[in-house]
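Asks: Residue numbering for the sequence shown follows this note's numbering, beginning at 3 and increasing consecutively.
Glycine is no exception: its CB is placed at the ideal position from the N, C-alpha and C atoms.
Owing to the predicted nature of the structure, the values given are computational and were not obtained by experimental measurement.
Supplied in structure tokens, the structure appears directly below.
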Amino acid sequence: GTPTNHTVASINMDMIFCPPGTFTMGSPVTESGSATDETQHQVTITNGFYLGKYELTQAQYQAVMTGNTDGLSPTPSNWSNKPNSPVETVNWSDTQVFLARLNATEQAAGRLPVGWSYVLPTEAEWEYACRAGTTSPYSWGNDINSSRASYAASGFGQTLDVGQYAPNPWGFSDMHGNVWEWVRDWKATYPDGALTDPEGPASGSTRGLRGGSYSDP
Numbered sequence: 003g004t005p006t007n008h009t010v011a012s013i014n015m016d017m018i019f020c021p022p023g024t025f026t027m028g029s030p031v032t033e034s035g036s037a038t039d040e041t042q043h044q045v046t047i048t049n050g051f052y053l054g055k056y057e058l059t060q061a062q063y064q065a066v067m068t069g070n071t072d073g074l075s076p077t078p079s080n081w082s083n084k085p086n087s088p089v090e091t092v093n094w095s096d097t098q099v100f101l102a103r104l105n106a107t108e109q110a111a112g113r114l115p116v117g118w119s120y121v122l123p124t125e126a127e128w129e130y131a132c133r134a135g136t137t138s139p140y141s142w143g144n145d146i147n148s149s150r151a152s153y154a155a156s157g158f159g160q161t162l163d164v165g166q167y168a169p170n171p172w173g174f175s176d177m178h179g180n181v182w183e184w185v186r187d188w189k190a191t192y193p194d195g196a197l198t199d200p201e202g203p204a205s206g207s208t209r210g211l212r213g214g215s216y217s218d219p
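So this is what it looks like as structure tokens:
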């Protein structure tokens with residue numbers, strides 16, 4: 003069987019396996035805060051995948067991006083003295099440079115099986131892991147408060163070290179709050195029919211962000 007956990011050795015990053023399955027993506031129109039682009043639809047994930055247990059930390063980003071030839075800062079944070087806080091000032095293109103460098107390192111070390119690579123999750127994969135088998139607005143239930151996640155009302159005004167709150171049922175931390183998280187897809191309105199392994203539209207103007215942040219209501 004597939005191991006339930008995986009560690010990216012070069013940056014000591016813990017990942018958790020999400021098995022294949024089917025879930026309802028989006029939100030019902032009756033849900034508080036539901037937007038018109040979140041039409042509920044059934045999504046089937048046919049291939050299991052690993053996802054980071056925590057957000058990527060500044061220390062992990064720095065380890066990979068030091069010496070990059072793309073002119074990117076390896077320490078691009080507003081709070082550079084917090085190595086265990088998530089990296090929070092990288093754009094989507096920066097993440098692609100990070101991933102290419104990480105894949106090259108792991109491949110050179112012989113730790114990347116043929117056909118596997120580190121990539122951003124699709125938006126469907128992200129929501130599948132975030133919901134973790136639940137159907138409520140949040141993985142823990144119907145409402146959010148400062149004991150559940152770091153968002154504007156929590157009052158910190160900056161990122162927190164990863165893993166400060168209880169994880170969701172599948173073991174993922176900080177899927178709501180702390181920092182927005184990039185997904186692979188172009189941002190788009192959800193379709194209303196069932197989909198299998200959706201990857202979003204072929205083009206667009208902005209990439210998808212999920213999860214909320216320390217400064218978000």
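(1) Shortest alpha-carbon distance to Pro22 belongs to which of Val181, Ser205, Thr6 and Ala37?
(2) Would you call the region 22 to 41 and the region 65 to 79 in contact, with 3 or more CB pairs under 8 Å?
(3) Decide if Gly28 is buried, meaning its Cβ has at least 16 other Cβ atoms within 10 Å, or exposed.
(4) State buried or exposed for Gly159, treating a residue as buried only when at least 16 other CB atoms are found within 10 Å of its CB.
(5) Please name the residue in Pro171, Leu197, Ala168 and Ala154 whose C-alpha comes closest to that of Trp182.
(6) Would you mind stating whether Val121 and Phe100 have Cβ atoms separated by less than 8 Å?
(7) Among the candidates Pro85, Ser36, Gln64 and Phe174, whose CA atom is the shortest distance from the CA of Tyr130?
(8) On the premise that Thr32 lies in contact with Thr198, defined as a C-beta separation below 8 Å, what is that separation, rounded to the nearest angstrom?
(9) With Glu183 as the anchor, note down where its alpha helix (DSSP H) starts and where it stops.
(10) So, is Asn14 buried or exposed, given that buried needs 16 or more other C-beta atoms within 10 angstroms?
(11) Per DSSP, what kind of secondary structure is Met27 in: helix, strand or coil?
(12) Cα separation between Thr208 and Gln42?
(13) Since Val185 and Tyr56 should fall inside the 8 Å C-beta cutoff, what is the C-beta to C-beta distance between them, to a whole number of angstroms?
(14) Just tell me which of Ser36, Leu53 and Ala37 has its CA closest to the CA of His8.
(15) Could you tell me if Arg103 is buried or exposed, where buried requires 16 or more neighbouring beta carbons within 10 angstroms of its beta carbon?
(16) Do you know how far the Cα of Tyr192 is from the Cα of Thr38?
(17) Do you know offhand how far Asn180's Cα is from Val45's?
(18) Where are the alpha helix (DSSP H) runs, 4 residues long or more, that stay fully inside the region 45 to 71, in chain order?
Replies: Taking the geometry as given:
(1) Your numbering for residue 22 matches position 20 in the sequence shown. That would be Thr6, whose Cα lies nearest to the Cα of Pro22.
(2) no
(3) Taking the sequence shown and counting its residues from 1, one reaches residue 28 at position 26. Classification of Gly28: buried, given that the 10 Å Cβ count is 16 or more.
(4) For the purposes of this step, residue 159 is taken as residue 157 along the sequence shown, with counting starting at 1. The residue is exposed, with fewer than 16 neighbouring Cβ atoms inside 10 Å.
(5) Here residue 182 refers to the residue found at position 180 when the sequence shown is read from its first residue. Minimum Cα distance to Trp182 is reached at Ala154.
(6) In the sequence shown, residue 121 corresponds to position 119, counting from 1. In the sequence shown, residue 100 corresponds to position 98, counting from 1. Against a cut-off of 8 Å, the Cβ pair of Phe100 and Val121 comes out as no contact.
(7) Your numbering for residue 130 matches position 128 in the sequence shown. For Tyr130, the nearest C-alpha among the options comes from Phe174.
(8) For this step, residue 198 is matched to residue 196 along the sequence shown. For this step, residue 32 is matched to residue 30 along the sequence shown. With a Cβ gap of about 27 Å, Thr198 and Thr32 do not count as contacting.
(9) Here residue 183 refers to the residue found at position 181 when the sequence shown is read from its first residue. Element bounds for Glu183: not the alpha helix (DSSP H) but the beta strand (DSSP E), Glu183 to Trp188.
(10) What you label residue 14 is simply residue 12 of the sequence shown in a count that begins at 1. With fewer than 16 other Cβ atoms within 10 Å, it is exposed.
(11) To locate residue 27, count along the sequence shown from 1; it is residue 25. The answer is strand: DSSP assigns Met27 an E or B state.
(12) Mapped onto the sequence shown, residue 208 falls at position 206. Mapped onto the sequence shown, residue 42 falls at position 40. Whole-angstrom Cα-Cα distance: 21 Å.
(13) As a working note, residue 185 is residue 183 in the sequence shown. As a working note, residue 56 is residue 54 in the sequence shown. Wrong, their Cβ atoms sit about 17 Å apart, outside the cutoff.
(14) In the sequence shown, residue 8 corresponds to position 6, counting from 1. Out of Ser36, Leu53 and Ala37, Leu53 has the C-alpha closest to the C-alpha of His8.
(15) By one-based count along the sequence shown, residue 103 stands at place 101. When all chains shown are included, Arg103 counts as buried.
(16) Numbered from its first residue, the sequence shown carries residue 38 at position 36. Numbered from its first residue, the sequence shown carries residue 192 at position 190. In a straight line, the C-alpha of Thr38 is about 9 Å away from that of Tyr192.
(17) Here residue 180 refers to the residue found at position 178 when the sequence shown is read from its first residue. Here residue 45 refers to the residue found at position 43 when the sequence shown is read from its first residue. Going from the Cα of Asn180 to the Cα of Val45 covers about 27 Å.
(18) 60 to 67
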